Structures are given as structure tokens and as C-alpha cells.
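Novice:
In UniProt numbering, the protein residues as written are 1 to 206.
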């Protein structure tokens, strides 16, 4: 079944005009249509805003394993505000650090703002490619309200799955640098606690 047009997320569960199971042909259509954004400059000209914030998991898994990263989120605010979802017009493009320092297009993220703004309700959860969106998520520090999202790693293989948010093959910083950063943060926190600790008064001899 070919991908066509845009779909209103409000009726996504009722009768989504998208494949029940995502097919390779569908993904190929998306790759062909979106490969023009391999150059971040082209994405910016089409309304996707550049960011220097690279999202990487702050914690490790139960066994101490690295969970992964998402990379740089280039958000198109006009598309994000649109209540419909068009597979060929993702609200967010995902770029990851390349070996030569350039940013490489790795995937897309479809975004839908929650209709009632409540995390406790999920009756408006969107669906695409036979997959329920993740969420709802709380408002973010960047200004995103309560929302649902679906990551699709079109151009970078994710061993955890095509739709998994975190990709363990992606790193915002090299492992050694990340370890140094964590150590530096811990030392800074330790110094801050020392500075806030009440100082004992010197004893006065009588």
C-alpha cells in the first residue's frame, strides 16, 4: 500500500490510510522524498530551525549499558502546529554528528500536540505505519507543550528498532569525552555542596 497524502490524527485510530505494517517500499518512498534534506542548509531553507543541542540519554540501562542518543532536532514550527500528520512532511528532522564534524541526516520525528494538554488522557493518541505514537510527554524546556511523538530511523540503522527513540549507534560526544564530562559534573556538584556547608566558627580562648 503506497503512502499518499496527509492524515488527520484525530481519526488515526478509526481508519488510518496507511499500511497496517510498514513495508520496505513505503520506507523507500520516504527516503527518496526526504533525501533532499541530507544537507542541513536545505532543511533550514524549508523552515526547519537549526539547533546546537544534541540529545543523548543522561542515564544508562539496568545493566549499565549505553542507551543511545537522538541527535539534533531540527523543528519545523509551522508543521508542528498543524493538527494533521503527513508522512512526507515530518515535523522534525534528526541529524547526528558525522565523523568529519558535519551533521548527517539520520531520521525523522513526527510530532502531534496533545489535544487537551493532559498527560493523564490518551484517547487522542496518533498512529502511523501501524505504530502508536509514544507519549504523551510533559512540556519540554524548549517550549513544546504536552505532545506525542514517533521516531523513524530512515537513514541510520537502529539496532533497537526502527521506531525506538534512542539509538545506541549514535553519540553526541565520544565515550571518553562523555566520561570526563560526567566526572566534571560530579566534581562541580561536590564543590558546590562544600561551599554551601555551614562553616564552623573558630574557638576563642578565654
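Using N, Cα and C, we set each Cβ at its ideal position, and we do this for glycine too. Note that the coordinates shown come from a computational prediction; the quantities given were computed from them, not determined experimentally.
1) Taking only beta-carbon atoms, is residue 128 less than 8 Å away from chain B?
2) Tell me residue 118's beta-bridge partners as DSSP assigns them.
3) Under 7 Å Cβ to Cβ from residue 108, same chain only, skipping five residues before and after it: list those, please.
4) I need the DSSP call for residue 58, collapsed to helix, strand or coil.
5) Cα separation between residue 51 and residue 72?
6) With a cut-off of 8 Å, do at least 3 Cβ pairs link the region 65-81 to the region 100-120?
7) In chain order, which continuous runs of the beta strand (DSSP E) of length 3 or greater are located wholly inside the region 104-156?
8) In this structure, what does DSSP give as the bridge partners for residue 66?
Specialist: In terms of the structure at hand:
1) Among the protein chains of the structure shown there is no chain B, as only one such chain exists.
2) Bridge partners of residue 118: none, in fact.
3) 34, 90, 92, 93, 94, 152, 154
4) coil
5) 6 Å
6) yes
7) 134-137, 147-152
8) 60
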